[in-house]
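Chains as they are written, first to last, in the UniProt record's numbering: chain A, 1 to 346; chain B, 1 to 346; chain C, 1 to 346; chain D, 1 to 346.
Quick reminder that beta carbons are idealized off the backbone N, C-alpha and C, glycines included.
Comments concern the structure below.
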């Protein structure tokens, strides 16, 4: 039985999740993990998982002769150089989203991957969620006819720490980028134009960093459909992740997942438990499936389910949204990059 | 346009509801109302409704030459003689449930109605509820195949006053009789045997009057199906009226009606409003429809939707359940009457 | 007991519905009905309702000495002159929405009403719907904190006939105007800016008349909240009328009403019946309540629940949306009227 | 880190599931597996899991010096002797339900376990289901007051093969035994009396083996509550596993789990996907948790969550139900064993 040998760059929360998910497969060995802050703690973690090499130097992984594939789970600013190095070294790559905050750089990295002929999968984990997959299947099968209106709700239970706000890249690039990918995924069409309305309603710290915490974005798709995404950095009732596609022959709607189906009726009200709290709970199975499909793509030389091009498109839309929010007008996705160059203010 | 002229005997809550519902029809005139406690208040009520005659004497209505149909909304012990008198006077009859506490008397009354050739409809209002009608339609259309299991939940929000407990006839004859009729209605089959388990869990007053306040009754139907009804005199969250029919090709289930569809999500829980509080709210439209169908049956000489025979059957099942609860064993519906005669203790 | 005497101008579908709803009250007499096409059919209809006067001339109603209040249910282009005449004649007025397609005219009419000191209620029936009322109550009571995002879905089961498309005033003024009013009602805040994206996806006839059949509109509210309304002229599954308000302490969401709660489970799927088909079914009780509150406002000299100012605001937002859709940019509600004057093209 | 070393007796479907679930824990080693039909296939299966010993002889496991705990996943008739042997050998035991078809034997086995001082956990996996755990928590916390009515629905998607029907022990001992345990679990009270009504509605093969395929059983609990369980061997829409506890202060109800939350609305109906198909899908996480808690009980010397006494009680109730079904009368759980001895016909 062939095995894929993996190196993981970045041993933060998501890196460790991917590691444990990969270890569920009998066709995976994790040979090495690198992290800038590698130390005894990470070594202990690696030991219980039989991961032989722990290092601060990602180069050791990239140039490791036995490693087939690299998981890039380090901070966003490191993604592009790491992709380029890994591609040149002939390694397959799984990279967290977004590839970068700079589309030109993202495009260069993806081009390098293409030239190297290795596989690159982007970590848009939500595509693997049981609910959103079902939406996509129904739409693709024609079950609701031609899509007319796509609605995506995506709200976090808690805003990030202020330290993160500074470097997040803003709500459109950091948070809504998942929804831009979802919009493309469920509609089967490209987004051509966006109009973004945002506001700071939760924490003034967002304003201090030129960001918003609440946003409503209108989308125009190539197939004529219209869409809307709403984001909030703080839904006190928990992670709110819903999608609706309305079309000429009907609609398909998915609601949140809950920890149980219990309904409690008392003299006061009818009550049920809040949705699964956040992405770790909600997307637990989706994270497993995305890594399994990556391994499967390598083992059986299939297309990866989320390509570098998917990463580029989502970033383009996010950039257009960011510009729209600043300029107060709709922005075409195709004009975003040019507009950015013209506008030093953005 | 032909009009049906009505007399209403018994101007309590349900009598007044029927009156107002009848007045919605342009084909109905209410000529008279009688009540043992008729007085200025009832006269004022009647005046605003253009009801000419208010009397303490039900005979004035029964023998009124212009009255076509009598609504019997007085206490249960008066039903049988009033039905007999009205039938002999050639009036059509709408009678509240149960016809009586004594099946032999009920049978005599129904026989008299048959002989007189007038129409008699029994007030099993729940057959006209939008939810239960849909269950019956689905079952009758074969949508779930042959019925295998019938489940009926019926719980009141509050127990009745102790004064009423004394004269109610007990939970099986007073409350569960609706569910026995529902069981026949949705299954399309006769109940052949019952086993009743009851207990006093809410108010010891029920025990003092030889009654129970909580009951679970198993049913065996002629078509082989099994059923179960559960009753409670006190569901603190409101009126609980649900039905499920499970069959060889699937199931159909109806849940409660709510005052609105609002779902409120907060940091504590997901909450919605309690069901419609009690029968007046829940069966408002059903009460209207049952009287309209009675009027329609007279005007167009159709069968009434709930016959005297339906009244008899429900009483027979209720008696069997009462005996089963006392004897601690299953009782055949066909043996109930004979068993009652043998048993002076019941 | 005091009675309000009503005259109804316009005996189309909605005029007749209001008439029958008014007749449910013992405090209302309908003295007259006028319609341009009055004839034997309307006379027969009026006769069964004891309405004495049937005429083609609305002036007969407006100047009828015994009439207290006028219902204006005729075509939109007649609303302004009829309001002005009725106000001058000292009659209270219930007028269907929108007051007119021309805000200047609407403002003149409302000013005239104010001067005359009569009551004017606008027919935004949805404010009286059990679901939307509950949303408004929850928001107003602070149950979800400060509103951050308001989402309104409003889709018709079938597009109107092409004859109507021509004269409808367009989707924003004809259909979404209800949602603009709803946005103000549930948020408790004024809409300051809109961005409208529309498309023709259902029937090219809309394009021929400069209209769209599918639209997504972003709203900015004075209190900082953001909103989005989506409209479609054709939801094949039936009337889709949902609202969600998301705030700092939670959210409140209402879904559609259904004819029953039946859930059918078979070997294929779990199925339930479609929502109530269209506005007549969905808003049946809301129509009753809006007329009852109008009567109550007159009888007890209370404020009407939907004022002329509410009518003006909704029209202003609709105009801004129409302009936004044409201009392809966000439009402030405050600039819409000026913009319209500048732009002969709109 | 201490590890528990396991031997698994019986490598059928459930044995293999337990093995894989156990292997998720870093504190478990599986040393051996035995099966009467052990062969190359099982050896290959064991090899990929690093299980060193594969044998046909369960004695090799029971007397293996390094094995701490035995999983008994072989056929029901082997449970009692294996428990006795394992207990005498000082091994902790996890045994699938039911312990046996013969309560006297079950009692002897449990007594032997007690004497040996080893741990014995019975495989009532449903206690670990997220929904049923929530019901139990709500009831135990007093959230619904005193339990009055317990309702359990348990229906399989497909009947078993006729070969299995012969040896299953009948619906009460084979299938409803889970529900008897659930009744005790969620009510926090012992079942004192049962009345079982059964019928053959799905497959005459059940009748040929003295069994039924559809059953409704009434329960009386020590705390006064009443209960009802309904079982069907064939719910065409999938595995139907629901529980409701109704009490003095409210109710808690759990419905089925579904593969996704998608709701599809079309011109025909509103549709969603069927429940998770069968126990492997529905109880996947519950199976994992029951083995984890068993391991935890051994490692930390805690009580097991489902004891031998729990196994005995469920069997007693099942026996009473079987007798009730045959005798056509309610049977006290305390009299069942005596009744069985008297009755050669059962």
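Taking the alpha-carbon of residue i as reference, which of the options has the nearest alpha-carbon?
i	options	result
residue 189 of chain C	C:50, C:313 and C:24	C:313
residue 261 of chain D	A:195, A:223, A:252 and A:213	A:252
residue 163 of chain D	D:184, D:143, D:208 and D:202	D:208
residue 160 of chain A	A:94, A:6, A:203 and A:247	A:203
residue 338 of chain A	A:246, A:103, A:118 and A:226	A:103
residue 71 of chain A	A:35, A:230 and A:43	A:35
residue 37 of chain C	C:63, C:149, C:46 and C:10	C:10
residue 249 of chain A	C:176, C:87 and C:234	C:234
residue 169 of chain A	A:58, A:13 and A:315	A:315
residue 237 of chain D	D:231, D:277 and D:198	D:277
residue 303 of chain D	D:118, D:75 and D:3	D:118
residue 220 of chain D	D:299, D:268 and D:331	D:331
residue 49 of chain D	D:56, D:20, D:300 and D:40	D:20
residue 305 of chain B	B:3, B:93 and B:265	B:93
Taking C-beta pairs closer than 7 Å, name the residues in chain D that residue i reaches, listed in chain order.
i	result
residue 134 of chain A	260 and 262
residue 328 of chain B	330
If the cut is a Cβ gap below 8 Å, which residues of chain D does residue i touch?
i	result
residue 257 of chain A	261
What residues in its chain sit with their C-beta under 6 Å from that of residue i, if we drop five residues either side in the sequence?
i	result
residue 311 of chain A	99 and 122
residue 128 of chain D	286, 289 and 290
residue 172 of chain A	318, 321 and 322
residue 230 of chain C	153 and 216
residue 5 of chain D	29, 31, 66, 67 and 68
residue 197 of chain C	216
residue 309 of chain B	none
residue 345 of chain C	In this prediction, residue 345 of chain C scores a pLDDT of 48, lower than 50, which makes its location untrustworthy; the coordinate-derived value is nonetheless stated afterwards. Counting only Cβ-Cβ distances below 6 Å, and skipping sequence neighbours, we find nothing.
Please compile the residues from chain B whose C-beta is within a distance smaller than 8 Å of the C-beta of residue i.
i	result
residue 226 of chain D	197, 198, 199, 214, 215, 216 and 230
residue 304 of chain C	The contacting residues do not exist; residue 304 of chain C stays about 23 Å from chain B at best.
Quick one: which chain B residues come within Cβ less than 9 Å of residue i?
i	result
residue 249 of chain C	266 and 267
Just checking my contact of residue i with residue j at CB under 8 Å: how many whole Å lie between their CB atoms?
i	j	result
residue 186 of chain B	residue 228 of chain B	With a Cβ gap of about 13 Å, residue 186 of chain B and residue 228 of chain B do not count as contacting.
residue 67 of chain C	residue 7 of chain C	4 Å
residue 324 of chain D	residue 194 of chain D	5 Å
residue 149 of chain A	residue 225 of chain A	7 Å
At a CB-CB cut-off below 7 Å, which residues of chain A make contact with residue i?
i	result
residue 148 of chain C	201, 214 and 232
residue 236 of chain B	266 and 267
Given residue i, which residues of its chain have a CB within under 7 Å of its CB, disregarding the five upstream and five downstream residues?
i	result
residue 206 of chain A	165, 200, 212 and 213
residue 182 of chain D	126, 132, 152 and 243
residue 89 of chain A	62 and 63
residue 25 of chain B	292 and 295
With a threshold of 8 Å on Cβ separation, who are the neighbours of residue i within its own chain once the five nearest residues in sequence on each side are excluded?
i	result
residue 134 of chain B	252 and 254
residue 139 of chain B	147, 186, 187, 188, 245, 247 and 252
residue 42 of chain D	11, 33, 35 and 54
Going along chain C, which residues have a C-beta under 8 Å from residue i?
i	result
residue 106 of chain B	Result: empty, since nearest Cβ-Cβ is about 32 Å, beyond 8 Å.
Kindly list, in the order they appear in chain A, the residues whose Cβ is closer than 9 Å to that of residue i.
i	result
residue 151 of chain C	151, 153, 216, 228 and 230
So residue i contacts chain B; which residues on that side make the cut at Cβ distance below 7 Å?
i	result
residue 130 of chain C	259 and 260
### Query
the segment 171-203 of chain A: which residues have C-beta closer than 7 Å to a C-beta of chain C, in chain order?
195, 197, 199 and 201
### Task
Select from the segment 17-49 of chain C all residues with a C-beta closer than 7 Å to any C-beta belonging to chain B, and list them in chain order.
26 and 48
### Message
Under 7 Å, CB to CB, which of the residues in the segment 264-293 of chain A have a partner in chain B?
### Response
265, 266, 267, 269, 270, 271, 272, 273 and 274
### Query
Using Cβ-Cβ distances below 9 Å, what residues of the segment 72-90 of chain C are close to chain A?
none
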